[in-house]
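First up is the structure itself, then whatever we jot down about it.
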Amino acid sequence: MEQASVPRFGSFKPRSSLNSTTSKDKPSPESNKCRDLDGKHRSRHQDKRRKNRSTDRTRHRNNSRDRSQVIESAIAPDEFEESDLFIIDRRGDAKNVEFGSLHRYSIPGYRRAGYGNIIGVETSTKIDRERSNDKELTITKQAAPREKRHTRLLSSKYGRASEHRLRLVMPGSQQLADHDAESDYIEVRPTRKRKRDSNSPEVSDTTPVDYRSIEGKAKVPDRPADDDLAFASDSSEGEEDLDLKARQENSVLSKRAMGNSADLDAWLALVEHQKKLVRPGVEISSLSVSERRAVADMRLSVLHEAASHITKGRFGRDRLLLALIDEGSLIWDHKKVHSSWIEALTECSSSSLLWKRYLNYIQCSNLLFCFEKCRDAYVECLAILREARDQAPPSERTSICKVQIYVLLRLTTFIREAGYDELAVAIWQATLEIQFFTPSRLQAASIEEILAAFEDFWENETPRIGEHQAEGWFRHVESGARHKRSPVTYDAPFLNPAQPIPGFLEQELKLHGFMIPSTMDDEGATVDPFRCVMFSDLKEILGALCMDLPKRGLLDAFLTFAGLPPVTNDVNNADSILGEQLQAPTVCSVGEALGRKRLRADTMQVASRVETIDTLFHDGLGTFREGSDNEIGHEICRLVDRLLERFVSAQPSDDALAEYFLAFKQEIFPEEASKSAKRLLKARSSSLRLYNAYALIEYPKSHSKAQDVWSTALSMRHRLDSNAEADVIFLWHSRLLSSIRERDLHSARKNVLAIEITSLSDARILIEGTASYEAGGRLLRVRRQLEEGFDRMLLAQRSSHASMYADCLAWLSYFSISNDNGDLYAALKTYTKHVSRMAKDGQTTALELLLQSKASMIKTHIDQKRPFKPAALKQELESDLKSFPSNSILLDLYAQLASQDRLRTLVQEQQALDYSNMDVVQWSHRICHELRRLGTSASGSTPNTVRCLFTKALLGTDSKVKHSPFLWLAWLRVEHQSKEPNASRRTKQVFLDGLRHLPWHKAWAVVGMNLLSEDGGLSEGEIKQVYETMVERGLRMRVDIEEFIHH
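Residue numbers (my numbering): 43 to 1089.
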């Protein structure tokens, strides 16, 4: 029979009855031929079985010939048109014209089997539900190669961080049996393979798809010609399940947000979930730029919907505006982002969250950074806050003032890190003089009058606060003191033309020590005019400040600027605007950066904890003391010392400030500490806290003398008023902890049991060990006294006192058993009981303090080599870290416990850590822990693991610490000290990356040039480019080296 031609439009007609009859009565010649060939094949097969086995090569040749000839003799599809077993509809349903689609009530739908399968079609074919609709049905081949599949932009797997291809080797499929047109059943998938000769016809999968097929237009074959082979491709069931789950969860979150439209957390949860719709199961940091923009666009639509419900003045409006700006910055241009910031700050002027992020925005932009513009932006922020404070109701004025203090701290820190140290110190001197020592006659004056009077004081070269013979602005006006400031002089810098870079670095380090502004008649000011600060340099900043800023907050801000912890206080200060800045050391000056010649793992840790009187006297000021060992730091220490002494004398009722001053003396100037304590005790003889501070000063020198001071102060407590007597817990607690730090737990047990003794002689007898400490039910009496004190302090809202009572109760439980091991788990139950009570009252700072004490007890127990259960202690710490994830004491202890079970810890961290929310404290502890492991050969740590942590922290897209000078300088030191062959190249790359992320930081550029010039990492031309970049940005260079650098 002749081959049928390709049908045209005219061929869609029913065939004549004659052709149908002929086809019915006349057997198919091809069918007969197939039977003959089949018979010959069986005969030949029997002959072969009678002959042993043929060789492998002969069999392979026969099989290849059979397979190739089967493809050539494929049955033409037109041969089936002659059979009356098939009805070919060439006209279609007439209702299609009427309805425009299939008539859904008269034509049955496709029977779906499984997930998108169709009966009668091979299982690799599925319905694409995303591209199908009520008019079209799209079929996809799941076994097709990955590169031929249709990929969707928002759900493709392109760019995933880790993919594992599962390649399955499928057994060879059976060949199709002969198609007999006369048979009643045609097998869709054969059950066994039969060998055929070269003339055997067989339907091949390579037969082109007919144009009328349901699969649509004919495509390039997506399966190999050999039936025994199949493409090795992934199964998409896993990603389909993730996609389905993500869409279901999106629907739930959307309903929840719309159901409670005022709940910001519900909207933010929906916003966060949008990334799963784009790439289910993949972190957002792994997305490409186009995918990130797609996610941002989706999130913006959700946020705009939320903004229509959470309007101006409602709770959480500032967080919503911040989320809008964060997502919009990925799509909007610079002008729109800047205008959005101004609108948000105008609407929510008292939001500390918005101001923090805005300051980061204006300071960390590499392309737009300029010192003058950035400083003007800070001053504009201060002015906006002052206007907002004047117009705000009284209930909001305090919070706005706290925000202004934070902006002032950021401004002065920024000015100092840019190299203008004298200007930064002068701003603080002027601010503290105006806020603390304004003359009484100017208390009700306007800000213009106050500034005019202060200008006379500043220009008269009278000693200012922190300087030698300084008496303050108030005394200067009242008594007419006329002391003159001493000029600060230094020799002009000299550079060796043969080696300008080392000399430049040495001079920068030397001149950095002169932070105090010089006098007008200083000859050095003619060479370096920035050394002398005029009132005109301060007027704009001082005029933008409020005149009644909180004094304790202002003092804490100055101490943070100087690199010191804040003053301890009884009041819960969890809502302090300075909380984040006080704990994270973002201040890193040139002197600090250049002073560290060798990086150690322990210097990588950032201390972030609640300071108490005991921690201040123990190690709270150790970091500041390290920077004061040389002549450069001595003048800074004297400045702080004079300033603290002036504040203590001006505020005689502030015992917390007096304690801080004595702790500073003990750490920095120990030879003067005892005299200062005795002088203060003469003026405040009824202060139990000062007696406790004096005992802590004497304890390192003489334990017995310190015990006498404590016992004497305890014996006089009943003669004091109720407020002073409440401070007795400071004496009990400090005496207990002093013994514990000495690892003398036997004496510590006696100290805690001596709490209930009021007689000085009885207490001395018990502590010296001449009496039994368990006699007469003393344990129960001490417990009852401590529990009553805890309840009393909690009701009086004296949270720090209550936490010390709870700590003493825990140690009492620890010492409740007679053996030397201590009852750790009884103590932990005591902590849990009191933590739950303090958590109900919302005492955040005191709660963190109590958890610190709990961690200290656990560490003491471990260090004493006493039995414990690592899993139980680790679970306790994990619960505490959920409340305070950035507490350095908790992080240190957790790292110590995790080192004993490294494998399980790694698995848990990979599942639980969210790198995008980690701050400087958390990153520094993780990197420090990895550096320690690097020194152990069996730990599994390598330089690449340390480098990976730095990369995630400082180069991650969503990292919060990418602009941290502390971490960048640490990374530079680590790479420079590396022993690897390409250490110089890596160091240079880190330096260049840091220049982009720290455009305002002078120390970074100076340290980088120093390190890279030593090993030849930077050429003279590159050093010149870096130097010129610093000058263009407006950073202050004390030494001019441009003329010494060769062109």
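Ideal placement from N, C-alpha and C gives every residue a C-beta, glycine not left out.
What does the alpha-carbon distance come out to for the pair L1054 and S1026? 7 Å
So what does I169 bridge to, in DSSP terms? I181
Which listed residue (L1077, A796, Y856) has its alpha carbon closest to that of Q749: A796
Which residues in the same chain as L685 place their Cβ atom closer than 8 Å to its Cβ, once the five residues preceding and following it in sequence are excluded? L474, I507, G508, F600
Start and end residues, alpha helix (DSSP H) containing S895: 886-905
On a CA-only basis, which of P607, S941, A848 is nearest H971? Give me that one, please. S941
Taking 8 Å as the threshold (C-beta atoms), are L1077 and A1093 in contact? This structure does not reach residue 1093, given that the chain is present from 43 up to 1089, and the question cannot be answered.
Evaluate contact between the stretch 385-398 and the stretch 439-455, counting only Cβ atoms and requiring at least three cross-stretch pairs below 8 Å. yes
Does E1074 come out as helix, strand or coil in the three-state DSSP assignment? helix
Please go through the same chain and pick out, in chain order, the residues whose beta-carbon is closer than 7 Å to the beta-carbon of S528, but skip the five residues on each side of it. H510
Can you say whether H192 is buried or exposed, counting buried as having 16 or more other CB atoms within 10 angstroms of its CB? Low confidence applies here, because H192 scores a pLDDT of 45, under 50, leaving its location unreliable; read the following figure in that light. That one is exposed.
Count Cβ pairs between the stretch 366-380 and the stretch 315-323 that sit closer than 8 Å; are there 3 or more? no
With 16 as the cutoff for other CB atoms within 10 Å, does Q471 come out buried or exposed? buried
Do three or more CB pairs link the stretch 829-849 to the stretch 874-881 at distances below 8 Å? yes
Please return the same chain residues whose Cβ sits closer than 8 Å to the Cβ of R171, not counting the five positions on each side in sequence. G158
By DSSP, does M960 sit in helix, in strand, or in coil? coil
Does the contact criterion of 3 or more C-beta pairs under 8 Å hold for the stretch 682-701 versus the stretch 917-928? no
Would you mind listing the alpha helix (DSSP H) stretches within the stretch 365-401 that are 4+ residues and don't spill past its ends, in chain order? 376-389
Whole-angstrom distance between H1005 and E1070, CA atom to CA atom: 22 Å
On the CB-based measure, 16 or more other CB atoms within 10 Å of its CB, does G1050 come out buried or exposed? buried
What span of residues does the alpha helix (DSSP H) with P985 cover, start to end? 985-997
Check whether the stretch 478-485 and the stretch 559-577 are in contact - that is, three or more C-beta pairs closer than 8 Å. no
Taking only three categories from DSSP, how would you classify A737? helix
Report yes if the C-beta distance between L372 and R334 is below 8 Å; otherwise report no. yes
Would the stretch 602-610 count as touching the stretch 645-655 if we require 3 or more Cβ pairs under 8 Å? yes
Where R688 and T455 are concerned, what is the direct C-alpha to C-alpha distance, given to the nearest angstrom? 23 Å
Going by Cα to Cα distance, which pick from G982, T999, A1012, G998 is closest to H1153? As shown, the chain starts at 43 and ends at 1089. That puts residue 1153 outside it, with no answer to give.
Taking the CB atoms as reference points, tell me whether R458 and A466 lie closer together than 8 Å. yes
Can you list, in chain order, the residues of its chain with a C-beta nearer than 7 Å to that of H903? Leave out the 5 residues immediately preceding and following it. G864, L866, F910
Hey, quick one: how far does the alpha helix (DSSP H) through N1052 stretch, first residue to last? 1044-1056
CA-CA distance, E114 and K183? Low confidence applies to E114: its pLDDT is 42, below 50, so where it sits in the model is not reliable, and the reading given next is rough at best. Approximately 25 Å, taken between the alpha carbons.
So which of R431, L453, A386, N408 has the shortest CA-CA distance to D418? L453
For D89, the three-state DSSP class (helix, strand or coil): At D89, the pLDDT of 47 sits below 50, so the modelled position is not reliable; the number obtained from the coordinates is stated separately. In the structure shown, D89 sits in a helix (DSSP, three-state: H, G or I).
Taking buried to mean at least 16 other C-beta atoms within 10 Å of its own C-beta, is I404 buried or exposed? buried
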